[in-house]
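Protein chains in written order, with the working numbering: chain H, 1 to 142; chain G, 1001 to 1125. C-beta atoms are modelled at their ideal positions from N, C-alpha and C, and glycine is treated no differently. One structure below.
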């Protein structure tokens, strides 16, 4: 699921977590759950977002490059989502396409949008959009 | 005081003891079951307030147990927390799509994760 064509407006909540070590991975996970809860995501979707943020935080710890993870609401028209982002200076010398493939392989389909923006420093961004199915418990037939 | 019964489905006695201690430390009453099929039978007969479910189980894995519990009329309302060392994206999504309310890691912060989730699910105040 992705949305384009409209202005992306940052909406509350706007939260951030500094990630230095393993303890911060747990804090980042919990902060993500809080942010997702404030936007109305279901418990399973909150768990999904928390797991994706934990992956991002683990990546920061593994890179030994303390960074701040930002979490904010996002709106395009009537559509609301949760955006997670952080700068990734350790990717400065990497091919952005390769970095994106590596990030996607870790995040899988836990988030709707996964992006690596080249720049100084590069930035990683994840978005999960709120939908009717994500506001209630869903059980698949898998 | 109201008793809150939790079913812990975990085949490792060592890990079961650690998780049980965490749950009991916040006032919950814990029944430990080491096998998925037994857990389903017991949950249907005596539905607990919450199920904490390991992924690695002998007769059927935690994903299968979760799916069956979420499909059964008697148990589909029971919150299920999957507790696991398989934290990849694929495994996480498999657990959540099976109907788990949360999927949390068995790391050194497992107790904190568990208590936070219990509060969020309204099992604890």
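I need the straight-line Cα distance from residue i to residue j, nearest angstrom please.
i: residue 1044 of chain G; j: residue 1073 of chain G; result: 9 Å
i: residue 95 of chain H; j: residue 1005 of chain G; result: 53 Å
i: residue 1093 of chain G; j: residue 7 of chain H; result: 30 Å
i: residue 1113 of chain G; j: residue 1009 of chain G; result: 17 Å
i: residue 1099 of chain G; j: residue 101 of chain H; result: 28 Å
i: residue 146 of chain H; j: residue 91 of chain H; result: Examination of residue 146 of chain H is not possible in this model, given that chain H is present from 1 through 142 alone.
i: residue 1065 of chain G; j: residue 1118 of chain G; result: 20 Å
i: residue 120 of chain H; j: residue 85 of chain H; result: 15 Å
i: residue 124 of chain H; j: residue 1075 of chain G; result: 40 Å
i: residue 138 of chain H; j: residue 127 of chain H; result: Annotation note: pLDDT 46 at residue 138 of chain H (below 50); position unreliable, coordinate value reported separately. Between residue 138 of chain H and residue 127 of chain H, the C-alpha separation is close to 20 Å.
i: residue 205 of chain H; j: residue 1007 of chain G; result: Chain H is shown from 1 up to 142; residue 205 of chain H falls before or after that span and cannot be answered.
i: residue 1047 of chain G; j: residue 1041 of chain G; result: 10 Å
i: residue 42 of chain H; j: residue 48 of chain H; result: 10 Å
i: residue 1015 of chain G; j: residue 64 of chain H; result: 30 Å
i: residue 134 of chain H; j: residue 1097 of chain G; result: 11 Å
i: residue 142 of chain H; j: residue 1108 of chain G; result: Confidence at residue 142 of chain H is low in this model, with a pLDDT of 36, below 50, so its placement is unreliable and the value that follows should be read with caution. Computed Cα separation, rounded: 31 Å.
i: residue 1018 of chain G; j: residue 78 of chain H; result: 46 Å
With a threshold of 7 Å (Cβ to nearest heavy atom), would residue i be considered close to the ligand ADP?
i: residue 21 of chain H; result: The ligand ADP is absent from the structure shown, which contains no ligand whatsoever.
How would you call residue i, buried or exposed, if buried means at least 16 neighbouring beta carbons within 10 angstroms?
i: residue 68 of chain H; result: exposed
i: residue 1084 of chain G; result: buried
i: residue 89 of chain H; result: exposed
i: residue 140 of chain H; result: Residue placement at residue 140 of chain H cannot be trusted, given a pLDDT of 42 that sits under 50; the coordinates are not used to answer.
i: residue 66 of chain H; result: exposed
i: residue 1062 of chain G; result: buried
i: residue 1021 of chain G; result: exposed
i: residue 31 of chain H; result: buried
i: residue 9 of chain H; result: exposed
i: residue 57 of chain H; result: buried
Quickly, what does DSSP pair residue i with across the bridge? List them, please.
i: residue 129 of chain H; result: H:81
i: residue 1102 of chain G; result: G:1081
i: residue 86 of chain H; result: H:124
i: residue 1008 of chain G; result: G:1032, G:1052
i: residue 68 of chain H; result: H:18
i: residue 76 of chain H; result: H:79
Using a cut-off of 8 Å between C-beta atoms, extract the partners of residue i located in chain G.
i: residue 109 of chain H; result: 1089, 1093
i: residue 124 of chain H; result: The contacting residues do not exist; residue 124 of chain H stays about 15 Å from chain G at best.
i: residue 51 of chain H; result: 1087, 1089, 1092, 1103
For residue i, return the contacting residues in chain H, with the cut-off set at a CB-CB distance below 9 Å.
i: residue 1121 of chain G; result: 43
My understanding is that residue i touches residue j, with C-beta atoms under 8 Å, so please give their C-beta distance in whole angstroms.
i: residue 1080 of chain G; j: residue 1104 of chain G; result: Residue 1080 of chain G to residue 1104 of chain G, Cβ: 11 Å. No contact.
i: residue 19 of chain H; j: residue 28 of chain H; result: 6 Å
i: residue 82 of chain H; j: residue 39 of chain H; result: 6 Å
i: residue 1087 of chain G; j: residue 51 of chain H; result: 7 Å
i: residue 1049 of chain G; j: residue 1123 of chain G; result: 6 Å
i: residue 1011 of chain G; j: residue 1056 of chain G; result: 7 Å
Which chain G residues sit within Cβ distance under 9 Å of residue i?
i: residue 48 of chain H; result: 1092, 1093, 1096, 1103
i: residue 1 of chain H; result: Within 9 Å Cβ-Cβ: nothing; residue 1 of chain H doesn't reach chain G, min ~14 Å.
Please compile the residues from chain H whose C-beta is within a distance smaller than 8 Å of the C-beta of residue i.
i: residue 1100 of chain G; result: 44, 47
i: residue 1116 of chain G; result: 30, 33
Taking residue i as the query, report the chain H residues whose CB atoms sit under 7 Å from its CB, ordered along the chain.
i: residue 1112 of chain G; result: 26
Can you pull the chain G neighbours of residue i, defined as C-beta to C-beta under 7 Å?
i: residue 33 of chain H; result: 1120
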